[in-house]
Structure formats: structure tokens, C-alpha cells
Amino acid sequence: MKPTQKYPFDKALFQNNVKRHLNATYATTVEHASTHAWYLAMARALAELTMFNLLETEQDQRIVKAKSLNYLSLEFLIGRLTGNNLISLGLYEPVAEAMEGLGQNLTDLLEEERDPSLGNGGLGRLAACYMDSCAALEYPTVGYGLHYEYGLFKQSFENGQQKEAPDAWQGIEGYPWEVARPEFKQDIGFYGHVEVNYVDGEEKRHWVPGMLIQAMPWDLPIVGYENDTVYPLRLWEARAIAPFSLESFNNGNYFEAQHALIDADNITKVLYPNDNHEKGKTLRLMQQYFHSAASIRDILRRHTNAGFSLEELPEHETVQLNDTHPTIAIPELMRIFIDEKGLSWDKAWSICSRTFAYTNHTLLPEALETWDEGLIQRLLPRHMEIIYEINRRFLLEVSAKWPGDVSKQQKLSVIQEGFHRMVRMANLCVVGSYAVNGVAALHSELVKRQLFPEFHELYPTRLKNVTNGITPRRWLKYCNPGLSDLISEKIGDQWPSDLAQLQRIANYADDTAFQKRFMAVKKENKERLAKWVQENMNITLDTNAIFDVQIKRLHEYKRQHLNMLHILSLYHRLKTDPTFDMQPRVVFFAAKAAPGYYLAKEIIFAINKIAEKINSDASINGKLKVVFVPDYRVSMAEIIIPAADVSEQISTAGKEASGTGNMKLALNGALTIGTMDGANVEIREEVGDDNIYIFGLDIDGVHELRSHGYNPYDFYQADPLLKASLDLLLGEEFTPGEPGKLRATYDSLLNGGDPYLVLADFASYVDAQQRIDTDYRDTAGWAKKAIMNTAQMGKFSSDRSIRDYVNQIWKLTPVKR
Numbered sequence: 048m049k050p051t052q053k054y055p056f057d058k059a060l061f062q063n064n065v066k067r068h069l070n071a072t073y074a075t076t077v078e079h080a081s082t083h084a085w086y087l088a089m090a091r092a093l094a095e096l097t098m099f100n101l102l103e104t105e106q107d108q109r110i111v112k113a114k115s116l117n118y119l120s121l122e123f124l125i126g127r128l129t130g131n132n133l134i135s136l137g138l139y140e141p142v143a144e145a146m147e148g149l150g151q152n153l154t155d156l157l158e159e160e161r162d163p164s165l166g167n168g169g170l171g172r173l174a175a176c177y178m179d180s181c182a183a184l185e186y187p188t189v190g191y192g193l194h195y196e197y198g199l200f201k202q203s204f205e206n207g208q209q210k211e212a213p214d215a216w217q218g219i220e221g222y223p224w225e226v227a228r229p230e231f232k233q234d235i236g237f238y239g240h241v242e243v244n245y246v247d248g249e250e251k252r253h254w255v256p257g258m259l260i261q262a263m264p265w266d267l268p269i270v271g272y273e274n275d276t277v278y279p280l281r282l283w284e285a286r287a288i289a290p291f292s293l294e295s296f297n298n299g300n301y302f303e304a305q306h307a308l309i310d311a312d313n314i315t316k317v318l319y320p321n322d323n324h325e326k327g328k329t330l331r332l333m334q335q336y337f338h339s340a341a342s343i344r345d346i347l348r349r350h351t352n353a354g355f356s357l358e359e360l361p362e363h364e365t366v367q368l369n370d371t372h373p374t375i376a377i378p379e380l381m382r383i384f385i386d387e388k389g390l391s392w393d394k395a396w397s398i399c400s401r402t403f404a405y406t407n408h409t410l411l412p413e414a415l416e417t418w419d420e421g422l423i424q425r426l427l428p429r430h431m432e433i434i435y436e437i438n439r440r441f442l443l444e445v446s447a448k449w450p451g452d453v454s455k456q457q458k459l460s461v462i463q464e465g466f467h468r469m470v471r472m473a474n475l476c477v478v479g480s481y482a483v484n485g486v487a488a489l490h491s492e493l494v495k496r497q498l499f500p501e502f503h504e505l506y507p508t509r510l511k512n513v514t515n516g517i518t519p520r521r522w523l524k525y526c527n528p529g530l531s532d533l534i535s536e537k538i539g540d541q542w543p544s545d546l547a548q549l550q551r552i553a554n555y556a557d558d559t560a561f562q563k564r565f566m567a568v569k570k571e572n573k574e575r576l577a578k579w580v581q582e583n584m585n586i587t588l589d590t591n592a593i594f595d596v597q598i599k600r601l602h603e604y605k606r607q608h609l610n611m612l613h614i615l616s617l618y619h620r621l622k623t624d625p626t627f628d629m630q631p632r633v634v635f636f637a638a639k640a641a642p643g644y645y646l647a648k649e650i651i652f653a654i655n656k657i658a659e660k661i662n663s664d665a666s667i668n669g670k671l672k673v674v675f676v677p678d679y680r681v682s683m684a685e686i687i688i689p690a691a692d693v694s695e696q697i698s699t700a701g702k703e704a705s706g707t708g709n710m711k712l713a714l715n716g717a718l719t720i721g722t723m724d725g726a727n728v729e730i731r732e733e734v735g736d737d738n739i740y741i742f743g744l745d746i747d748g749v750h751e752l753r754s755h756g757y758n759p760y761d762f763y764q765a766d767p768l769l770k771a772s773l774d775l776l777l778g779e780e781f782t783p784g785e786p787g788k789l790r791a792t793y794d795s796l797l798n799g800g801d802p803y804l805v806l807a808d809f810a811s812y813v814d815a816q817q818r819i820d821t822d823y824r825d826t827a828g829w830a831k832k833a834i835m836n837t838a839q840m841g842k843f844s845s846d847r848s849i850r851d852y853v854n855q856i857w858k859l860t861p862v863k864r
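First residue of the sequence shown: 48, per the working numbering; consecutive thereafter.
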């Protein structure tokens with residue numbers, strides 16, 4: 048790695064600072080410090096550099112006076128910060144040399160960092176990429192999230208089954224990159240009642256909370272690439288305002304003495320508490336309001352401290368709601384304006400509805416968030432009143448557009464009628480925002496056509512598209528230094544801030560020498576992954592094999608079980624057909640299933656049991672291996688992605704909003720096998736039909752099949768290979784002595800109606816995999832395809848995404864420091 052050094056760096060001073068932190072912060076000495084202590088001390092010394100710039104950025108009057116983005120997300124899957132920040136600071140090599148002078152290897156130190164597990168998957172990783180790009184492009188930004196004590200669970204496998212354990216990502220010493228900002232703390236209310244008073248004959252309503260909890264902010268630095276800008280990712284931690292009763296403790300009531308502390312602590316205890324019971328639902332809604340209320344108050348604090356009036360809020364602040372989780376911010380801002388600031392409804396709504404924008408991330412109806420009306424009334428009584436009034440006024444607008452059309456009112460209403468009336472958060476977002484965007488061209492079109500067609504008719508300019516993107520700094524320059532250096536050697540080192548420059552690499556796609564060097568880098572990355580698998584899972588891999596990768600959240604619509612069926616088909620043919628020949632292949636999975644998602648966990652169990660059998664079956668001569676990597680996280684993705692030959696993007700058409708793993712894998716020279724879904728459509732447009740493997744039903748085909756009545760048994764009975772593969776799940780081939788132990792997937796596909804059309808796409812998927820097998824044997828041809836994938840990924844930089852947001856929605860101006 049040869050980044051341009053941006054920061055002045057005094058090697059001796061830095062080494063002294065590291066030793067100072069070893070002694071003063073971590074109470075150890077150079078002679079006795081562990082590798083972990085050396086990492087912590089180094090990271091603290093580096094964090095001092097970024098914190099100085101964070102404060103300077105925060106106090107820069109040009110930024111204070113400029114329009115700012117406020118990105119509200121319950122997830123920020125930021126990954127390890129130290130190595131990425133070294134790249135952005137331009138200090139990777141100088142710090143490596145400084146630490147070598149202290150007898151430490153930087154690569155070993157970086158492995159000591161835990162991933163901050165502040166997110167679940169693509170939603171949180173996208174938020175992290177967008178923060179990175181905002182800092183790189185210097186658009187004034189504050190990210191707002193929650194400071195979870197335990198993030199997404201730590202996953203392990205026990206006899207093939209997923210086990211979840213808490214992931215204390217901060218460790219006992221705390222996370223070295225974060226800093227508390229107590230001067231910005233807020234008090235957040237819950238429960239209570241609404242008081243009604245009359246002033247000069249006018250009704251005034253005021254919420255009196257029954258419970259107050261303190262929101263303590265922690266800032267993580269988001270370091271701009273090779274510039275002096277550092278923006279905060281502000282994470283709110285819940286704390287009790289009166290955490291401890293000495294009187295109760297002295298009277299022997301030890302639990303009661305800490306009751307307030309326990310109640311408050313629960314709010315930010317864990318990312319996404321299980322909500323399949325009433326207490327879990329309450330806690331999750333408390334999280335959402337806690338996050339939204341603290342963030343809105345902080346935005347208003349910054350706005351008024353800059354000398355601006357409330358009426359000027361939309362000119363100086365935009366609030367992007369990343370999915371519906373922060374929706375309650377809309378009625379919260381209205382409550383503050385009306386109840387605390389004394390604005391009229393019309394004035395408050397005019398300001399509020401020009402401040403919020405909303406990103407929709409899903410087409411799945413079950414994923415569109417709704418909340419029980421009674422729960423909101425109990426927890427946030429004044430907010431429920433405001434939601435009713437927003438809806439009443441909105442339905443007058445609907446009636447004016449479609450007089451007498453009750454069905455339109457029912458479809459568009461924020462309140463969903465039924466035995467339990469529900470609040471539709473997505474509808475509230477669309478009503479209360481000035482812009483709504485999908486995250487890929489196909490997805491945004493489906494949002495208009497299928498999800499919100501009536502909203503699109505009512506507000507024809509409100510629904511927009513911004514195709515997702517990924518930061519090339521982390522997802523090529525940092526995670527794949529070999530390829531990064533090769534690219535820089537050929538086209539210069541400016542591409543990390545202008546990814547479109549990668550197109551020039553296409554000029555070398557037919558160059559035999561470049562092909563060999565490109566594939567040599569791929570081989571080194573495969574060897575690094577194989578070494579990890581050998582050391583951590585005791586599985587020996589052939590790095591000449593096709594490395595076939597599916598890494599994403601475990602969900603039926605993502606169809607890991609279609610991949611599993613292909614594995615079963617290969618195994619069946621290897622065992623029963625002596626003439627069957629295949630290129631050796633290693634299929635990698637990495638995925639976590641939600642703790643309450645029964646079938647997803649059964650699919651993991653099935654894959655693991657199949658892997659055990661296949662990996663130990665000497666008769667197949669190592670032609671096929673299956674590896675399910677446990678505890679998938681950003682740092683694991685950074686090892687897997689550069690090593691991948693094939694990228695599995697096989698969701699049912701119309702179900703995946705965009706995907707970003709597809710972009711990361713293609714950028715690193717993996718070829719996509721995928722459906723015409725999400726951003727696969729746009730990747731195909733960029734790389735060309737010759738450099739991607741498209742299979743299966745498209746959206747029109749899915750609609751047509753369903754309209755005629757889909758019967759999975761028709762496909763099962765008509766395809767002998769499919770039948771033989773599926774039937775392997777019924778016996779004891781993979782669970783000796785326990786026949787039928789894997790039949791949950793079988794039942795879901797046949798007796799459960801195969802809701803995601805796995806069997807309908809199986810034959811087409813197998814054909815596409817056969818084309819991959821054939822093409823991989825042509826070494827030069829495969830190298831050319833891989834090079835073309837890397838070369839044509841410029842569109843999918845998150846820098847381009849942010850510019851699209853700026854131009855279409857946010858209307859920001861960069862402030863160069």
C-alpha cells in the first residue's frame with residue numbers, strides 16, 4: 048500500500064505517544080505488554096490525531112453555516128476502523144515503520160481489533176459506506192445511530208446448528224476510537240400523559256413523560272480520504288438519570304436500588320431485541336424513539352446555536368431516514384415545533400415536510416414496518432395524537448384527489464384498520480418526506496409500480512432512484528492491496544477517489560502478461576483465505592478450484608437453499624455417474640440467521656451437515672468442498688471477497704432491493720451468477736452479457752408463473768436431477784442414524800409451496816453453473832472476464848451514490864478543508 052501521506056507525521060513523537068498510552072491508559076510496560084495492549088495503545092495514539100480534526104471540522108464556521116446532512120440509521124456496520132483510517136490518513140506505511148521500530152508488526156496488531164458489531168447486514172454496511180463517501184467528498188454530515196453494548200450476536204456452530212452469544216464489541220478496555228461527548232447529552236421521555244391547557248381560549252396540549260432516560264453521545268471519527276475532514280458518527284447510549292438509590296440499598300433492597308439503571312440500560316443493550324413477544328416489541332419501539340428523539344434534539348441544538356431560525360431548518364439541515372426505523376422522528380419534530388416552540392400546525396408541517404427524506408430498502412410486504420396503535424399510545428401518547436392528525440389532514444388530500452374512493456383511503460392511510468389497528472411507518476415516511484428513493488433502478492421502478500403506485504400518482508415527483516454504492520477505499524484499496532497496487536501501477540493512484548478511472552484497466556483485458564498478474568493476485572488472495580480456513584476450521588482447500596461465494600444474511604428470498612440444491616446435484620452426479628467431470632469447486636457460505644427465524648436456521652443446519660459429509664468423502668477425490676464460515680462480519684468479508692471467483696446473487700426476481708455484496712465481489716474480479724434482480728440488472732449493463740451469468744425467471748416471468756398457479760411438484764416430478772437432489776434431504780445420507788433430520792427445507796419447497804420459486808429456477812441455475820465450469824477451464828478467457836468486471840465497476844462507487852443524493856435530494860455544497 049502506497050497512500051499519499053496527508054498528515055504530518057513525527058515518528059518519534061508517535062512512538063512516545065504509543066508508549067505513553069501503554070503506561071498511562073492501559074497500565075502496562077513495553078516489556079510486559081501483550082499484542083492486544085500494543086494495538087490499543089497504537090489506536091489511541093492515532094485516535095488523538097483524528098479527534099483534533101473532528102473538533103476542528105465541527106467548529107469550522109463554513110461547515111456550521113453550510114447545509115448539512117443528518118443520516119439517521121439504527122445500523123452502522125462500520126467494520127474495523129484502524130486499518131481503514133490509516134489508509135485515509137495516508138499513514139499506513141509510516142505507522143507500520145514506527146511500530147516495527149517498537150518491535151511490533153502492524154498486520155498482527157490490526158488483527159487484534161474487534162469489529163464494532165453495530166449492524167445486521169446490507170442496510171448498516173450501506174450507511175457506513177455513505178458516511179465514508181460524505182467525508183471523502185466533504186459534504187457536511189453527521190451520522191446518528193445507537194451505541195449498542197452488544198451488537199449483532201456472535202455466531203458459532205454446535206453439531207451444525209447455529210448458536211448465538213452476545214458480542215461485547217468494546218471489550219473490557221473500551222473501544223479506542225470512540226470518545227464520550229457529555230456536553231451534548233439529552234433527556235428522553237417515555238410513557239406519561241398529555242395535559243390540556245387553555246391559553247387565551249386556545250387549546251394547548253403538552254406531554255408529561257412518566258419516565259426520563261439520558262442519551263449519552265459517543266463519537267466515532269469518520270475520516271475523509273486524504274483530506275483534513277473528519278465527521279462524527281454520533282451514537283446514543285441509554286443511561287438512567289438517577290441510577291442508584293442509596294436508601295434502598297442500605298435497607299437491603301439491592302435489586303430495587305438499581306431498578307432505574309436496569310430499565311435504562313436495556314434500551315441500548317442489544318441490536319434488534321427479539322420482538323416476538325410484547326416486551327420485546329416495546330423495547331424495540333423504545334430504541335427507535337430514543338434514537339430519533341436524541342438525534343432530532345441534537346440537530347435543533349446545532350441549528351439554533353448557529354444562529355438560524357426554526358423556519359430556516361430545511362435550508363440548513365436535511366434528515367435522511369435510512370429505512371423506516373427512525374420514522375418516529377417525524378411526529379417528534381412536529382411535537383417540538385407545536386408544543387414546545389408554539390408554532391401553528393401549518394407552519395410546523397411546512398418546515399417538517401421539507402426536512403425529511405426517506406430511503407426504502409424493501410419490496411417485501413412483511414418487511415414494511417407497522418406498530419400497534421395501542422403500544423404507541425402507551426409509550427408515546429402525544430406522538431400518537433400527532434400521527435392521527437397527520438393522517439386526518441392527509442386523507443383530506445386523498446379525498447380531494449379521488450372523491451368517494453374508499454379503497455384509495457384504506458390503501459394510503461397511515462392507520463391500517465383491523466382487529467388491532469396498526470401504524471404503517473412506510474406510509475408515514477412517504478407522507479412526511481419531501482423525497483422518497485429506492486436503491487436500484489429496478490427497485491425504484493417497482494416501488495412506483497407495485498409498492499406505492501397510489502402515492503406515485505398523488506406525488507409524481509416525490510419518488511426517485513439512487514442506486515446503492517460501495518466505498519472503493521475499504522472494498523478494494525484496503526481489503527485487496529495486491530490488486531490495488533497492480534491497478535495503480537497501470538493507471539495511477541487517483542482511482543480511489545474517482546472509480547470511473549478503472550475503465551482504463553479494460554485496455555489490458557487481452558494483455559497476456561496483465562492477465563497472469565491479475566490472476567496471480569487472485570491466487571494469493573485465495574491462498575490467504577484457504578490458510579484462514581485451514582487454521583480456524585481444519586479444512587484443506589485446493590486453491591486451483593473455483594471459489595464460489597455466497598455471503599449475505601440468511602433469508603429464504605436470498606435463496607441459499609437453491610445454492611445448496613446445486614451442491615446436492617453435483618454430489619449426486621459425482622457419486623452416481625462415473626462419466627461426470629467437473630472443475631474442482633469450493634462453495635463458501637457465510638451468513639447469520641435471525642434467532643427467531645426457524646427455517647433459516649434449518650437451512651444453515653442442512654448446509655453444515657452436507658458439508659461434513661462431502662468434505663470427508665474420499666470417493667469424490669476433492670472435486671467438491673463446502674465451507675460455512677461462522678460469525679460473518681466485515682473483517683471476514685475483507686478476506687473472502689478478494690478471493691472469490693464466483694459471486695452468488697441468486698434472489699428471486701423482484702425481491703432484492705439492490706444488494707451491495709454483488710458490487711464488492713465484482714469490483715474484486717469475481718463473476719456474478721445472478722437473477723435479473725436488484726442492482727444485478729445494472730451490473731449486467733456495465734460489464735456486458737459475456738461477463739456475467741444471468742439465469743432464471745425475470746420479474747415478468749415470476750408474475751406470469753404465479754398468475755397461472757405455481758405448483759412446485761410439477762418441476763420436482765419433471766426433472767430427475769432436481770428430484771434426486773431434493774430426495775437426498777429425506778434419508779440419512781448426511782445425518783447417519785437420523786433419517787429425515789434435514790427435511791425442513793424439503794417440506795418448505797414442496798409442501799410449503801416454494802414461495803421463492805427455488806424449484807422453478809433450479810434447471811436454469813444448473814445450466815448457468817455448467818457454463819461457469821466450462822469457462823473457468825479457459826484460463827485466459829476467465830481472466831479477461833474477471834478484469835472486465837473490475838474495470839466496469841466505476842458506477843457502483845458510493846461516491847457516485849452520494850453525488851446523486853446531493854443533486855437530486857439533499858442539495859448540499861462541499862466544504863473543502
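Positions of the beta carbon are idealized from the N, C-alpha and C atoms, including for glycine.
Bear in mind that the values here come from a model prediction, so they are computed numbers and not experimental data.
Express the C-alpha separation of residue j and residue i in angstroms, rounding to a whole number.
i: Ser844; j: Asn854; result: 16 Å
i: Glu364; j: Thr371; result: 19 Å
i: Trp522; j: Glu685; result: 7 Å
i: Ser480; j: Gly198; result: 30 Å
i: Ala212; j: Phe652; result: 17 Å
i: Ser120; j: Lys495; result: 23 Å
i: Ala473; j: Ala482; result: 13 Å
i: Val453; j: Arg471; result: 18 Å
i: Phe61; j: Thr518; result: 29 Å
i: Lys326; j: Tyr118; result: 28 Å
i: Met48; j: Gly137; result: Caution applies to Met48, whose pLDDT of 41 falls short of 50 and renders its modelled position unreliable; the value that the coordinates give is listed next. Rounded to the nearest angstrom, the two C-alpha atoms are 10 Å apart.
i: Leu533; j: Leu330; result: 50 Å
i: Thr51; j: Leu153; result: Its pLDDT being 48, under 50, Thr51 is placed unreliably in this model, and the coordinates cannot settle the point.
Need the endpoints of the beta strand (DSSP E) that residue i sits in, please.
i: Glu249; result: Glu249 to Val255
i: Gly748; result: Element bounds for Gly748: not the beta strand (DSSP E) but the alpha helix (DSSP H), Ile746 to Ser754.
i: Leu671; result: Leu671 to Phe675
i: Lys511; result: Leu510 to Asn512
i: Asn585; result: Note, Asn585: premise wrong, no beta strand (DSSP E); not H, not E.
Report the partner residues of residue i according to the DSSP bridge assignment.
i: Ser203; result: Lys210
i: Arg471; result: Thr417
i: Met258; result: Phe237
i: Thr719; result: Ser694
i: Glu242; result: His253
i: Tyr118; result: Gly190 and Gln367
i: Arg286; result: Gln261
Specify, as a first and last residue, the run of the alpha helix (DSSP H) that residue i falls within.
i: Arg850; result: Ser845 to Tyr852
i: Pro528; result: Pro528 to Ile538
i: Met333; result: Glu325 to Asn352
i: Tyr177; result: Gly169 to Leu184
i: Tyr405; result: No alpha helix (DSSP H) contains Tyr405, which is instead part of the beta strand (DSSP E) from Phe403 to Thr406.
i: Phe762; result: Pro759 to Ala765
Measure the beta-carbon distance from residue i to residue j and round it to whole angstroms, keeping in mind my assumption that it falls under 8 Å.
i: Pro631; j: Asp692; result: About 11 Å; that fails the 8 Å criterion.
i: Leu776; j: Arg790; result: 6 Å
i: Leu193; j: Thr315; result: 5 Å
i: Phe742; j: Ser811; result: 4 Å
i: Ser180; j: Asp846; result: 5 Å
i: Thr837; j: Arg172; result: The pair is not a contact, with the Cβ atoms about 20 Å apart (cut-off 8 Å).
Report the option in the options whose CA atom is closest to the CA atom of residue i.
i: Asp234; options: Asp846, Val255, Gly248 and Gly516; result: Val255
i: Ile346; options: Glu379, Ile687 and Gln541; result: Glu379
i: Val862; options: Pro55, Leu671, Thr76 and Ala183; result: Ala183
i: Val734; options: Ala704, Lys831, Ser666 and Asp794; result: Lys831
i: Ile654; options: Asp628, Pro625, Glu436 and Gln607; result: Gln607
State yes or no: is the C-beta of residue i nearer than 7 Å to some heavy atom of the ligand GDP?
i: Leu601; result: This structure lacks the ligand GDP, and indeed carries no ligand of any kind.
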